[in-house]
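Here this note's numbering is used: the first residue of the sequence shown is 7, the next is one more, and so on. For each residue, glycine too, the CB sits at the ideal point set by N, CA and C.
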Amino acid sequence: MDNKPSFRTKKVELSIKRLVSEYLVTQKDYLIKFPTVRFEITEVKVSKDLRFAKIFLIHNITETEFKEFNKLYLREIQNLIARTLTSKYTPKISLIFDQSFQESLKVQSLLDKL
(Lines of atoms letter the chains of each structure in order from A and count residues from 1; the text may use other names and numbers.)
(Lines give C-alpha, C1' and ligand atoms only; values in the text may rest on other atoms or scores of the structure.)
Protein backbone atom coordinates (compact mmCIF):
# COMPACT_ATOMS: atom_id res chain seq x y z
CA MET A 1 0.00 0.00 0.00
CA ASP A 2 1.33 3.41 -0.96
CA ASN A 3 1.43 5.91 1.92
CA LYS A 4 2.42 8.87 -0.24
CA PRO A 5 -0.21 11.60 -0.37
CA SER A 6 -2.03 11.98 -3.65
CA PHE A 7 -1.74 15.02 -5.88
CA ARG A 8 -5.22 16.16 -4.79
CA THR A 9 -4.33 15.80 -1.10
CA LYS A 10 -1.17 17.85 -1.57
CA LYS A 11 -3.09 20.50 -3.48
CA VAL A 12 -5.68 20.79 -0.68
CA GLU A 13 -2.92 20.95 1.95
CA LEU A 14 -1.21 23.81 0.12
CA SER A 15 -4.51 25.64 -0.36
CA ILE A 16 -5.38 25.37 3.33
CA LYS A 17 -1.90 26.50 4.36
CA ARG A 18 -2.14 29.53 2.06
CA LEU A 19 -5.67 30.44 3.23
CA VAL A 20 -4.88 30.16 6.94
CA SER A 21 -1.60 32.06 6.50
CA GLU A 22 -3.41 34.87 4.72
CA TYR A 23 -6.05 34.90 7.46
CA LEU A 24 -3.43 35.16 10.20
CA VAL A 25 -1.67 38.01 8.39
CA THR A 26 -4.69 40.04 7.27
CA GLN A 27 -7.21 39.53 10.09
CA LYS A 28 -5.98 41.50 13.07
CA ASP A 29 -9.06 40.93 15.24
CA TYR A 30 -7.27 38.33 17.34
CA LEU A 31 -4.42 40.77 18.06
CA ILE A 32 -6.78 42.80 20.24
CA LYS A 33 -7.21 39.83 22.57
CA PHE A 34 -3.70 38.39 22.04
CA PRO A 35 -1.48 41.43 21.25
CA THR A 36 1.88 39.62 21.35
CA VAL A 37 0.91 36.46 19.50
CA ARG A 38 2.94 35.29 16.51
CA PHE A 39 2.00 32.22 14.51
CA GLU A 40 3.89 30.16 11.99
CA ILE A 41 2.30 27.26 10.13
CA THR A 42 4.79 24.42 9.96
CA GLU A 43 2.67 21.78 8.27
CA VAL A 44 -0.82 20.88 7.12
CA LYS A 45 -1.90 17.25 6.93
CA VAL A 46 -5.13 16.28 5.20
CA SER A 47 -6.67 12.82 5.46
CA LYS A 48 -6.91 10.69 2.32
CA ASP A 49 -10.67 11.20 2.09
CA LEU A 50 -10.16 15.01 2.44
CA ARG A 51 -12.56 15.24 5.39
CA PHE A 52 -10.06 16.14 8.13
CA ALA A 53 -7.11 18.52 8.24
CA LYS A 54 -4.57 19.11 10.98
CA ILE A 55 -2.82 22.47 10.93
CA PHE A 56 0.43 22.44 12.89
CA LEU A 57 1.45 25.81 14.32
CA ILE A 58 4.33 27.28 16.23
CA HIS A 59 3.22 30.12 18.51
CA ASN A 60 4.49 32.18 21.41
CA ILE A 61 1.44 32.08 23.69
CA THR A 62 0.59 29.83 26.61
CA GLU A 63 -1.39 26.62 26.33
CA THR A 64 -4.45 28.26 27.91
CA GLU A 65 -4.32 31.20 25.52
CA PHE A 66 -3.94 28.82 22.58
CA LYS A 67 -7.05 26.91 23.70
CA GLU A 68 -8.92 30.21 23.98
CA PHE A 69 -7.72 31.23 20.51
CA ASN A 70 -8.98 27.88 19.18
CA LYS A 71 -12.34 28.42 20.84
CA LEU A 72 -12.73 31.95 19.47
CA TYR A 73 -11.33 31.67 15.93
CA LEU A 74 -11.44 28.04 14.80
CA ARG A 75 -15.00 28.37 13.47
CA GLU A 76 -14.09 31.53 11.55
CA ILE A 77 -11.08 29.81 9.96
CA GLN A 78 -13.24 26.77 9.17
CA ASN A 79 -15.82 29.01 7.47
CA LEU A 80 -13.11 30.75 5.45
CA ILE A 81 -11.90 27.39 4.15
CA ALA A 82 -15.48 26.29 3.38
CA ARG A 83 -16.15 29.47 1.37
CA THR A 84 -12.90 29.39 -0.55
CA LEU A 85 -12.01 25.75 -1.13
CA THR A 86 -13.66 24.22 -4.17
CA SER A 87 -14.08 20.57 -3.31
CA LYS A 88 -16.89 18.20 -2.57
CA TYR A 89 -16.08 18.15 1.15
CA THR A 90 -14.67 20.82 3.40
CA PRO A 91 -12.11 19.30 5.74
CA LYS A 92 -12.88 19.65 9.44
CA ILE A 93 -9.82 21.44 10.72
CA SER A 94 -7.98 21.28 14.00
CA LEU A 95 -5.18 23.57 15.10
CA ILE A 96 -2.34 21.73 16.80
CA PHE A 97 0.71 23.10 18.58
CA ASP A 98 3.82 21.79 16.82
CA GLN A 99 6.14 20.46 19.52
CA SER A 100 9.05 19.83 17.15
CA PHE A 101 10.42 23.35 17.51
CA GLN A 102 10.54 23.11 21.33
CA GLU A 103 12.15 19.68 21.09
CA SER A 104 14.80 20.95 18.69
CA LEU A 105 15.59 23.80 21.10
CA LYS A 106 16.03 21.27 23.93
CA VAL A 107 18.35 19.14 21.81
CA GLN A 108 20.32 22.21 20.77
CA SER A 109 20.74 23.32 24.38
CA LEU A 110 21.94 19.82 25.34
CA LEU A 111 24.44 19.87 22.48
CA ASP A 112 25.65 23.31 23.53
CA LYS A 113 26.39 21.96 27.01
CA LEU A 114 28.76 19.35 25.59
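Are residue i and residue j closer than 8 Å when you measure CB to CB?
| i | j | result |
| --- | --- | --- |
| L91 | I61 | no |
| K98 | F58 | yes |
| F40 | I22 | no |
| I87 | L25 | yes |
| V52 | T96 | no |
Put residue i into one of helix, strand or coil per three-state DSSP.
| i | result |
| --- | --- |
| T15 | helix |
| T70 | helix |
| V113 | helix |
| T21 | Looking at the sequence itself, residue 21 is Ser, so the reference to Thr does not match. Helix at S21. |
| K10 | coil |
| S93 | coil |
| S27 | helix |
| S100 | strand |
| L56 | coil |
| L86 | helix |
| F62 | strand |
Measuring only the C-alpha atoms, how far is residue i from residue j?
| i | j | result |
| --- | --- | --- |
| I83 | E28 | 11 Å |
| E69 | D104 | 12 Å |
| L78 | L120 | 44 Å |
| N9 | L56 | 15 Å |
Whole-angstrom Cβ separation of residue i and residue j, contact assumed at under 8 Å?
| i | j | result |
| --- | --- | --- |
| H65 | R44 | 7 Å |
| L63 | T42 | Not quite, the Cβ-Cβ distance comes to about 15 Å (not below 8 Å), so this is no contact. |
| Y36 | F72 | About 11 Å separates the two Cβ atoms, so there is no contact after all. |
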